[in-house]
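Novice: Would you mind keeping the following structure in view while I ask a few things?
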Amino acid sequence: MAKFTTRLDNNFCFLSHNTSTSQSSILLNRTSRKNLQLQLSPSKHRLNFEALCSIKEKENVKGEIEKVGGGASSGGLVNGVRVEELDRKTGLGRENASKEAGFDLVWPPWKNIPQRYKLIGTTSLAFVICNMDKVNLSVAIIPMSHQFGWNSSVAGVVQSSFFWGYALSQLPGGWLSKLFGGRKVLEIGVLAWSLATALVPILAGFMPGLLLSRVLVGIGEGVSPSAATDLIARSIPLEERSRAVSFVFGGLSVGSVTGLLVAPTLIQNLGWESVFYLFGFLGIWWYLGFHFLGEGRASDAVEVEHVAPLQSANLHKLWNNSLEELAETKTSWSNTQEELRASLKDVPWKAFFRLPAVWAMIYAHFCGSWGHYTCLSWLPTFFSEELNLNLREAAWVSILPPLASVFVTSIAAQFSDNLIANGVETTTVRKICQAISFLSPATCMILSSLDLGLQPWEIVGILSCGLALSSFALSGLYCTHQDISPEYASILLGITNTVGAVPGIVGVALTGFLLDSTHSWSMSLFAPSIFFYLTGTIVWLAFASSKPQSFSESD
């Protein structure tokens with residue numbers, strides 16, 4: 002670490018910079034208020050930049066020297082500045098009463114940022130890259146289909162292969178995050194999906210290899226939500242947790258917008274292969290940076306600076322404490338594994354599935370995911386082929402739903418919290434919000450399917466509004482897990498999220514098959530989504546509940 006210190010003398014400013022390998026000194030002779038003379042003095046062992054500066058002001062803090070246990074020669078205050086005694090071995094042979102002021106310049110500049118903020122920032126960036134790699138194929142599938150001669154059915158299978166891995170990794174991701182920690186699982190997940198993304202252009206001509214690469218992307222991204230949740234729970238205090246969750250998962254919307262903005266330009270200028278190479282290398286770059294952040298954290302914990310011999314006892318004590326903490330961590334880790342195995346045996350699985358509200362959550366999650374995943378995968382193609390937009394225009398208008406969702410989410414959260422604060426029953430609030438999230442896109446899809454003579458920009462606006470309003474589900478379905486049982490909320494979410502990934506497998510592929518069979522976007526894309534939105538609303542209003550449950554197996 003680069004450490005800059007200053008010594009105060011009558012007429013000089015001596016700046017000291019220490020590293021473990023070299024030493025040099027820069028002497029600035031202050032001849033006037035405007036002119037400084039610079040002298041460089043090299044040495045073989047350390048690099049020292051020392052600045053001796055004149056302070057003429059009167060001392061404005063009296064009695065402070067005694068409080069810090071030193072006088073003019075042993076450390077304390079010099080002209081009102083708190084200082085420490087400078088190592089006499091460094092410098093240009095001065096043995097005077099120079100002092101070291103508390104002036105540190107560190108590199109890199111973000112070194113002093115709290116570790117938890119670094120973790121949240123890098124995790125949010127991982128989610129940005131996550132959705133960039135998720136939506137890149139929905140744009141690149143258009144030129145890829147033309148190049149390889151794929152029909153809509155084949156294109157649907159290629160796009161749905163991502164969700165095969167995504168569905169399979171939901172529950173294992175939660176287990177691995179609890180077992181090894183979300184930080185490590187997230188790190189491996191990002192590396193896995195990034196390498197698989199970069200392999201897509203190489204394997205595109207070999208269908209089994211292409212499908213396998215997309216499955217690996219799905220597996221890597223599937224473990225990320227559980228890993229991020231575990232990381233937040235371990236590193237973020239309760240009073241900052243809501244903002245941390247919003248900031249991290251907000252990276253998904255940013256990633257969708259960024260991917261849909263960047264991909265068309267790359268494809269038109271550099272070819273569709275460039276999207277996968279660039280986005281994949283971004284993830285690899287993130288992995289290296291995140292790994293470096295972890296090493297920096299470890300080095301900060303055991304960093305030993307070149308200090309005076311009087312401080313060696315404290316360093317030795319610190320080292321012993323670190324070893325004791327490491328032993329305690331290993332013991333705690335073994336206990337955690339045993340507790341985790343025992344806790345999994347105690348999960349009331351049968352009690353979950355005996356509750357009608359749980360089945361309502363499962364079906365609602367399935368219905369909402371059907372509309373979301375099919376539109377995420379096929380809307381750019383719909384805009385290109387049905388509305389006659391070019392590739393760039395089709396991708397850019399596909400940005401509107403996720404962009405509008407950012408604003409709708411904040412409105413929905415405020416709306417639901419205000420209703421609950423005013424005494425409205427929680428179950429009623431959840432039913433209202435989820436009904437809005439289902440009926441709004443269903444209505445807009447019906448309008449887009451009918452032959453009303455609407456202009457392309459009107460259809461785009463209607464669909465964007467409907468899909469944006471589906472974000473009310475974040476204040477409906479996605480809050481019900483915590484309402485029913487805070488203790489088992491993560492397990493309930495794992496169950497519903499696993500079922501919710503099935504439409505990505507079945508729905509995306511089925512849309513392509515129906516499009517080849519009917520040559521109608523209304524029948525292939527909109528009609529199935531409308532059906533599930535409407536039936537999901539009926540089931541939710543009939544059986545959903547936010548009443549807390551004990552989930553006792555003896556019930």
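Using my numbering, read the sequence shown as starting at 2 and increasing by one per residue. Think of the CB as a built atom: it goes at the ideal place given N, C-alpha and C, for glycine as much as any other residue. Computed from a predicted structure; not experimentally measured.
Let me know if Gln116 comes out buried or exposed under the rule of 16 or more other beta-carbons within 10 Å of its beta-carbon.
Specialist: Mapped onto the sequence shown, residue 116 falls at position 115. It is exposed - the Cβ of Gln116 has fewer than 16 other Cβ atoms within 10 Å.
Novice: Three Cβ pairs or more, each shorter than 8 Å: is that satisfied between the stretch 119–138 and the stretch 247–256?
Specialist: yes
Novice: Buried or exposed for Phe408, please, with buried defined as at least 16 other CB atoms from any protein chain shown within 10 angstroms of its CB.
Specialist: By one-based count along the sequence shown, residue 408 stands at place 407. With fewer than 16 Cβ atoms within 10 Å of its Cβ, Phe408 is classed as exposed.
Novice: If you run the structure through DSSP and keep just helix, strand and coil, what is Lys224?
Specialist: Residue numbering aside, residue 224 sits at position 223 when the sequence shown is read from its first letter. According to the sequence provided, residue 224 is Val. The question's Lys does not apply to it. In the structure shown, Val224 sits in coil (DSSP, three-state: anything other than H, G, I, E or B).
Novice: I want to know whether the stretch 145–161 touches the stretch 506–519 - three or more CB-CB distances under 8 Å.
Specialist: Because the criterion of three Cβ pairs below 8 Å is met, the stretch 145–161 and the stretch 506–519 touch.
Novice: Taking only the alpha-carbon atoms, compute the straight-line gap between Gly272 and Arg393 and give it to the nearest angstrom.
Specialist: As a position in the sequence shown, residue 272 is number 271, starting the count at 1. As a position in the sequence shown, residue 393 is number 392, starting the count at 1. If you take the alpha carbons of Gly272 and Arg393, they lie about 13 Å apart.
Novice: What do you reckon, are the CB atoms on Ser225 and Gly190 nearer than 7 Å?
Specialist: As a working mapping, residue 225 is identified with position 224 in the sequence shown. As a working mapping, residue 190 is identified with position 189 in the sequence shown. Gly190 is positioned such that its CB atom lies closer than 7 Å to that of Ser225.
Novice: In the DSSP assignment, find the alpha helix (DSSP H) that holds Asp517 and state where it starts and stops.
Specialist: Your numbering for residue 517 matches position 516 in the sequence shown. Element bounds for Asp517: Val503 to Thr519.
Novice: Any idea what DSSP makes of Trp286, helix, strand or coil?
Specialist: As a first step, residue 286 is located in the sequence shown; it is residue number 285 there, counting from the start. In the structure shown, Trp286 sits in a helix (DSSP, three-state: H, G or I).
Novice: If you run the structure through DSSP and keep just helix, strand and coil, what is Tyr278?
Specialist: As a position in the sequence shown, residue 278 is number 277, starting the count at 1. Three-state DSSP puts Tyr278 in a helix.
Novice: Please state if the CB of Ala413 and the CB of Ser465 are separated by a distance shorter than 7 Å.
Specialist: Numbered from 1 along the sequence shown, position 464 holds the residue referred to as residue 465. Numbered from 1 along the sequence shown, position 412 holds the residue referred to as residue 413. For Ser465 and Ala413, no; Cβs fall outside 7 Å.
Novice: Buried or exposed for Asp418, going by 16 or more other Cβ atoms inside 10 Å?
Specialist: Here the question's residue 418 lines up with position 417 in the sequence shown. Its Cβ having fewer than 16 others within 10 Å, Asp418 is exposed.
Novice: By a C-beta neighbour count over all protein chains shown, 10 Å radius and 16 as the cutoff for buried, is Arg431 buried or exposed?
Specialist: In the sequence shown, the residue the question calls residue 431 occupies position 430. Result: buried.
Novice: In this structure, does DSSP put Ala365 in helix, strand or coil?
Specialist: As a first step, residue 365 must be located in the sequence shown, where it is residue number 364. Of the three classes helix, strand and coil, the one that applies to Ala365 here is helix, per DSSP.
Novice: Please state whether DSSP places Ile460 in a helix, a strand or coil.
Specialist: Position 459 of the sequence shown, counted from the start, is the residue given in the question as residue 460. Reduced to three states, the DSSP call for Ile460 is helix.
Novice: Run the CB neighbour count on Phe383, radius 10 Å, all protein chains shown included, and call it buried at 16 or more, exposed below.
Specialist: Translated into positions along the sequence shown, residue 383 becomes position 382. That one is buried.
Novice: Exposed or buried, what is Phe367 when buried is set at 16 or more other beta-carbons lying within 10 Å of its beta-carbon?
Specialist: Taking the first residue of the sequence shown as position 1, residue 367 is located at position 366. It counts as buried.
Novice: Just curious, the alpha helix (DSSP H) that Ile130 is in, first and last residue?
Specialist: Within the sequence shown, residue 130 is the residue found at index 129, counting from 1. Start and end: Gln116 to Phe149.
Novice: Using a Cβ-Cβ cutoff of less than 6 Å, which residues in the same chain neighbour Ser214 once the five nearest sequence positions on both sides are dropped?
Specialist: Along the sequence shown, one-based indexing puts residue 214 at 213. Closer than 6 Å at the Cβ level, and outside the excluded window around Ser214, lie Ala197, Leu200, Val201 and Leu204.
Novice: Between the alpha carbons of Lys179 and Asp231, how many angstroms are there, rounded?
Specialist: Within the sequence shown, the letter at position 178 stands for residue 179. Within the sequence shown, the letter at position 230 stands for residue 231. Answer to the nearest angstrom: the Cα atoms are 7 Å apart.
Novice: For the alpha helix (DSSP H) that Leu177 lies in, which residues bound it at each end?
Specialist: Sequence index remark: in the sequence shown, residue 177 carries index 176 (1-based). Per DSSP, Leu177 belongs to the alpha helix (DSSP H) from Gln171 to Phe181.
Novice: Which value, in whole angstroms, describes the spacing of the CA atoms of Ser518 and Pro529?
Specialist: Here the question's residue 518 lines up with position 517 in the sequence shown. Here the question's residue 529 lines up with position 528 in the sequence shown. Spanning the two alpha carbons is a distance of roughly 15 Å.
Novice: What first and last residue would you give for the alpha helix (DSSP H) that runs through Asp452?
Specialist: Locating residue 452 in the sequence shown gives position 451, where the first residue counts as 1. Note, Asp452: premise wrong, no alpha helix (DSSP H); not H, not E.
Novice: Straight-line CA distance for Trp522 to Pro349?
Specialist: In the sequence shown, the residue the question calls residue 522 occupies position 521. In the sequence shown, the residue the question calls residue 349 occupies position 348. In a straight line, the C-alpha of Trp522 is about 44 Å away from that of Pro349.
Novice: For the alpha helix (DSSP H) that contains Pro402, what are its first and last residues?
Specialist: Here residue 402 refers to the residue found at position 401 when the sequence shown is read from its first residue. Pro402 -> alpha helix (DSSP H) spans Leu401 to Ala422.
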